[in-house]
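Engineer:
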Amino acid sequence: MKPICALLVLALAGAYAQTPNFAASYPPVGGLPLTSPLLKFDDTGKFHIMQIADVHYANGTNSKTENGTVLYSKCQNILPAWEKYPCSDVNSTDLMTSVLAREKPNLVVYSGDNVWYDTNVDVLAAHRAVTQPVRDSKTPYMITFGNHDCERKPCRRDLMTEDRKSNYSLSQYGPEGVKGVGNYAYTIAGQDGRPAWAVYVFDGGAYYEFGNNSLPSAGNYSGYDFVNAAQVDWYNKTSMALEKSQGRKIPAIAFTHIPLPEYDIAFTCANKAGKPNPSFIDFSSSVPSGCNAENFTPACASATAYPNTATLSGAGLRTKEGCEQVDLVGNHYEGVYSANVNGGLFAAFMSRGDVKMVNVGHDHINDYCANLMGIRLCYGGGFGYYAYGLEGWPRRSRQIVLNEDGSITTWKRLDSYGNFAKVDIESFNIAQNVVVSASNVTNDAGNVTSSTIFGGRVLAGAASN
388 MKPICALLVL ALAGAYAQTP NFAASYPPVG GLPLTSPLLK FDDTGKFHIM
438 QIADVHYANG TNSKTENGTV LYSKCQNILP AWEKYPCSDV NSTDLMTSVL
488 AREKPNLVVY SGDNVWYDTN VDVLAAHRAV TQPVRDSKTP YMITFGNHDC
538 ERKPCRRDLM TEDRKSNYSL SQYGPEGVKG VGNYAYTIAG QDGRPAWAVY
588 VFDGGAYYEF GNNSLPSAGN YSGYDFVNAA QVDWYNKTSM ALEKSQGRKI
638 PAIAFTHIPL PEYDIAFTCA NKAGKPNPSF IDFSSSVPSG CNAENFTPAC
688 ASATAYPNTA TLSGAGLRTK EGCEQVDLVG NHYEGVYSAN VNGGLFAAFM
738 SRGDVKMVNV GHDHINDYCA NLMGIRLCYG GGFGYYAYGL EGWPRRSRQI
788 VLNEDGSITT WKRLDSYGNF AKVDIESFNI AQNVVVSASN VTNDAGNVTS
838 STIFGGRVLA GAASN
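Residue numbering for the sequence shown follows the working numbering, beginning at 388 and increasing consecutively.
(1) What number of angstroms, rounded off, separates the C-alpha of D481 from the C-alpha of P562?
(2) Give the secondary structure of R705 by DSSP, where H, G and I count as helix, E and B as strand, and everything else as coil.
(3) Between which residues of its own chain and P781 is the CB-CB distance below 6 Å, once the five residues before and five after are set aside?
(4) Which term fits E813, buried or exposed, when burial requires 16 or more other beta carbons within 10 angstroms of its beta carbon?
(5) Please list the terminal residues of the continuous beta strand (DSSP E) segment that includes Q786.
(6) Determine the direct distance from the alpha carbon of D590 to that of T732, and round the result to whole angstroms.
(7) Only counting the same chain, and skipping five residues up and downstream in sequence, which positions put a Cβ closer than 6 Å to that of W584?
(8) Quick one, which of D620, A726, T797 and R783 has its alpha-carbon nearest E649's?
(9) Measuring only the C-alpha atoms, how far is I787 from Q438?
(10) Hey, could you find the ends of the alpha helix (DSSP H) F733 is sitting in?
(11) Could you check what DSSP says for P407 in three-state terms: helix, strand or coil?
(12) Can at least three beta-carbon pairs, one atom from the stretch 487-504 and one from the stretch 738-752, be found at a separation below 8 Å?
(13) Please list the terminal residues of the continuous beta strand (DSSP E) segment that includes D523.
(14) What is the rounded straight-line gap between the Cα of K433 and the Cα of A512?
(15) Tell me, please, which residues DSSP counts as bridged to K799.
(16) Take N623 and list the residues in its own chain whose beta-carbon comes closer than 7 Å to its own, dropping the five residues that flank it on each side.
(17) Less than 7 Å between the C-beta atoms of H435 and N493, yes or no?
(18) Unbroken alpha helix (DSSP H) runs of length 4 or more, entirely within the stretch 425-506: which are they?
(19) Is it buried or exposed, L395, if we count other Cβ atoms within 10 angstroms and call 16 or more buried?
(20) Which value, in whole angstroms, describes the spacing of the CA atoms of A445 and Y413?
(21) Less than 8 Å between C-beta atoms, sequence neighbours within five positions excluded: which residues of the same chain meet that for Y595?
(22) So, under 8 Å CB-CB, G771 and H443 are touching, yes? Tell me the CB distance rounded to an integer number of Å.
(23) Helix, strand or coil, according to DSSP, for L759 in the structure here?
(24) Within a Cβ cutoff of 8 Å, which residues of the same chain sit near M737, ignoring the five residues on either side of it in sequence?
(25) Going by Cα to Cα distance, which pick from V586, C537, A628 and L557 is closest to V521?
(26) Consider the Cβ of I575: report whether some Cβ of chain B lies at a distance smaller than 7 Å.
(27) With distance defined between alpha-carbon atoms, name the residue in F532, G580 and V742 nearest to G793.
(28) Report back the beta-carbon spacing between N534 and A593 to the nearest angstrom; my notes put them in contact at under 8 Å.
(29) Output the boundary residues of the beta strand (DSSP E) element that contains Y595.
(30) Should A468 be labelled buried (16 or more other beta-carbon atoms within 10 Å of its own) or exposed?
(31) Go to Y724, then tell me how far its alpha helix (DSSP H) extends in each direction, as first and last residue.
(32) The beta strand (DSSP E) that contains K743, what's its start and end?
(33) Counting only the same chain and skipping the five closest in sequence on each side, list residues whose C-beta sits under 8 Å from that of T691.
(34) Decide if G634 is buried, meaning its Cβ has at least 16 other Cβ atoms within 10 Å, or exposed.
(35) Where does D754 land, buried or exposed, given buried means 16+ other C-beta within 10 angstroms?
(36) Taking the alpha carbon of E721 as the point to measure from, which residue in Y571, W798, L546 and P646 has its own alpha carbon closest?
Shown next as structure tokens:
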């Protein structure tokens, strides 16, 4: 999401062992979603998706010297006691390997900011490195892009071309004439071979710019980008074509990088309804003593830290009197950094009635799910160690299990500092739009000890069981 003041260097560039995936051109607008023999429910009626958000992979353990200063992709926002240990992008891919081994998903979705573009020596090598653990596990995967994968540079198509060299990649350029690279959809086959669920992936862009009277010094930068009208039209027509072909609406989930403005509304409504109320530093008028951007801990962000401070911002503030009773599971430790422009995607989801869950990244220390008007709006939580985080708050990935009966179960899997725990386990019935069950923590640490931190990588000089 937000830039980090650090410079980066050369990525580990594992070679592809797979044969290139030269798929046919993506169907034009109005065509059906793609299918793949890799996307099918198991014999228990379940399909498991692992979301990886905001790895920010840069240059691995390599470094370079610029103006006499050694630059490398050092881990961000880790406990001071750990600063003496090596920690870089490689710890992020170690974590990926560890979580993949525990979860054994049927599909992985990288939801953007997979690599960090600025001063990256080789973004294609970085992309190969960040997807290497998934390819090594022989798990099919999809990608979308965030604002930091290419910043304002035209490298999205190059990254997609590189990604599609792997036959484990299901990523697609998307239909011609639609904004972005990486707007595509697939169906997941049920046990009867017919579509049971659909997955929609949207390129949410990076930044939008307009006119010569905005901010010339910043390239006319105006704000974060948004899913635009052409992309919404593509979704509508794909969804309708799928319904027509099957004689019913097919339930779906969606992935993009930048949160929709409705994420702010959902948090505000849950807050007003008396649900979990984690205040956050971004919009607070009264900051507790000792808490600031450099010293931002879970205690600083806790509900009790701001007894007299409203937790309303942006679009949420305007809807505070018209909220439905909604639930929220997870943490809200920073603002919702959506676009200033609402492109209408959430309204399209509501109108069509098929998308039941939206999954984003971008805001690394938000990991909540909240129900808004029958749609579950969820964050993945920050995954990468080179990306900014929250000191003392483990990195994590969202796990999503789709069930053929129309229900969804989701949780977050923490890193080894968090004992690889499963947290915020919730199941919800998409037909009734209610949370069926929710629990906090299930410890699944195995032989992890306190000496084994940073994605399962054993620290130099430390021992583990």
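In this text, a Cβ means the ideal position worked out from N, Cα and C, and glycines have one as well.
Structural biologist: For this structure:
(1) As a first step, residue 481 is located in the sequence shown; it is residue number 94 there, counting from the start. As a first step, residue 562 is located in the sequence shown; it is residue number 175 there, counting from the start. Cα-Cα distance, rounded: 35 Å.
(2) In the sequence shown, counting from the first residue as 1, residue 705 sits at position 318. Because the pLDDT at R705 is just 44, under 50, the model does not fix this residue reliably, and the point stays unresolved.
(3) Taking the first residue of the sequence shown as 1, we reach residue 781 at position 394. For P781, where only same-chain residues beyond five positions count, the Cβ hits under 6 Å are L801, D802, Y804 and G805.
(4) Taking the first residue of the sequence shown as position 1, residue 813 is located at position 426. It is buried - the Cβ of E813 has at least 16 other Cβ atoms within 10 Å.
(5) Working through the sequence shown from its first residue, we reach residue 786 at position 399. Unbroken beta strand (DSSP E) run through Q786: R783 to N790.
(6) Counted from its first residue, the sequence shown places residue 732 at position 345. Counted from its first residue, the sequence shown places residue 590 at position 203. It should be pointed out that residue 732 corresponds to Leu in this sequence rather than to Thr. For L732 and D590, the distance between alpha carbons rounds to 12 Å.
(7) The count along the sequence shown starts at 1 and reaches residue 584 at position 197. I575, P638 and L789, listed in sequence order.
(8) Indexing the sequence shown from 1 puts residue 649 at position 262. Looking at the Cα atoms, A726 is the closest of the given residues.
(9) Your numbering for residue 787 matches position 400 in the sequence shown. Your numbering for residue 438 matches position 51 in the sequence shown. Cα to Cα, I787 sits roughly 8 Å from Q438.
(10) Stepping through the sequence shown from its first residue, residue 733 is reached at position 346. Run containing F733: L732 to R739, per the alpha helix (DSSP H) assignment.
(11) As a position in the sequence shown, residue 407 is number 20, starting the count at 1. Low local confidence applies: a pLDDT of 38 at P407 is under 50, so the model's placement there is unreliable, with the coordinate-based value given in what follows. Three-state result, P407: coil.
(12) yes
(13) Position 136 of the sequence shown holds residue 523. That residue, D523, is in no beta strand (DSSP E); its alpha helix (DSSP H) goes V510 to D523.
(14) If you number the sequence shown from 1, residue 433 lands on position 46. If you number the sequence shown from 1, residue 512 lands on position 125. About 34 Å.
(15) Numbered from its first residue, the sequence shown carries residue 799 at position 412. For K799, which the question treats as bridged, DSSP gives the partners R785 and V810.
(16) Looking up residue 623 in the sequence shown gives position 236. Taken in chain order, the residues that qualify are A735 and R739.
(17) For this step, residue 435 is matched to residue 48 along the sequence shown. For this step, residue 493 is matched to residue 106 along the sequence shown. Cβ atoms of H435 and N493: closer than 7 Å.
(18) 476-490
(19) Residue 395 sits at position 8 when you count from the first residue of the sequence shown. Its pLDDT being 29, under 50, L395 is placed unreliably in this model, and the value from its coordinates should be taken loosely. With 16 or more other Cβ atoms within 10 Å, it is buried.
(20) For the purposes of this step, residue 445 is identified with residue 58 of the sequence shown, where counting begins at 1. For the purposes of this step, residue 413 is identified with residue 26 of the sequence shown, where counting begins at 1. Approximately 30 Å between the Cα atoms of the pair.
(21) The residue you call residue 595 lines up with position 208 of the sequence shown. Same-chain partners within the cutoff: S609, G610, Y611, D612, F613, A726 and V728.
(22) Counted from its first residue, the sequence shown places residue 771 at position 384. Counted from its first residue, the sequence shown places residue 443 at position 56. Sure, about 5 Å apart at Cβ, within 8 Å.
(23) The residue given as residue 759 occupies position 372 in the sequence shown. Looking at L759 - three-state DSSP - the assignment turns out to be strand.
(24) Numbered from its first residue, the sequence shown carries residue 737 at position 350. The answer, listed in chain order, is M760, G761 and I762.
(25) Indexing the sequence shown from 1 puts residue 521 at position 134. Ranking the options by Cα distance to V521, first place goes to L557.
(26) Among the chains of the structure shown, chain B does not appear; only one protein chain is present.
(27) Sequence index remark: in the sequence shown, residue 793 carries index 406 (1-based). Residue V742 is the option with its Cα nearest to G793.
(28) The sequence position of residue 534 within the sequence shown is 147, counting from 1. The sequence position of residue 593 within the sequence shown is 206, counting from 1. The pair is a contact, with the Cβ atoms about 4 Å apart (cut-off 8 Å).
(29) In the sequence shown, the residue the question calls residue 595 occupies position 208. Where Y595 is concerned, the enclosing beta strand (DSSP E) starts and stops at Y594 to E596.
(30) Here residue 468 is taken as the residue at index 81 of the sequence shown, counted from 1. Burial call: exposed.
(31) Position 337 of the sequence shown holds residue 724. Taken as a continuous stretch (DSSP letters only), Y724 belongs to no alpha helix (DSSP H), as it is neither H nor E.
(32) For this step, residue 743 is matched to residue 356 along the sequence shown. Per DSSP, K743 belongs to the beta strand (DSSP E) from V742 to V747.
(33) Locating residue 691 in the sequence shown gives position 304, where the first residue counts as 1. In this prediction, T691 scores a pLDDT of 43, lower than 50, which makes its location untrustworthy; no coordinate-derived value is stated.
(34) Within the sequence shown, numbered from 1, the residue matching residue 634 stands at position 247. By the neighbour-count rule (16 or more Cβ atoms within 10 Å), G634 is not buried but exposed.
(35) Taking the sequence shown and counting its residues from 1, one reaches residue 754 at position 367. Result: buried.
(36) One-based indexing of the sequence shown puts residue 721 at position 334. The shortest C-alpha separation from E721 is found at P646.
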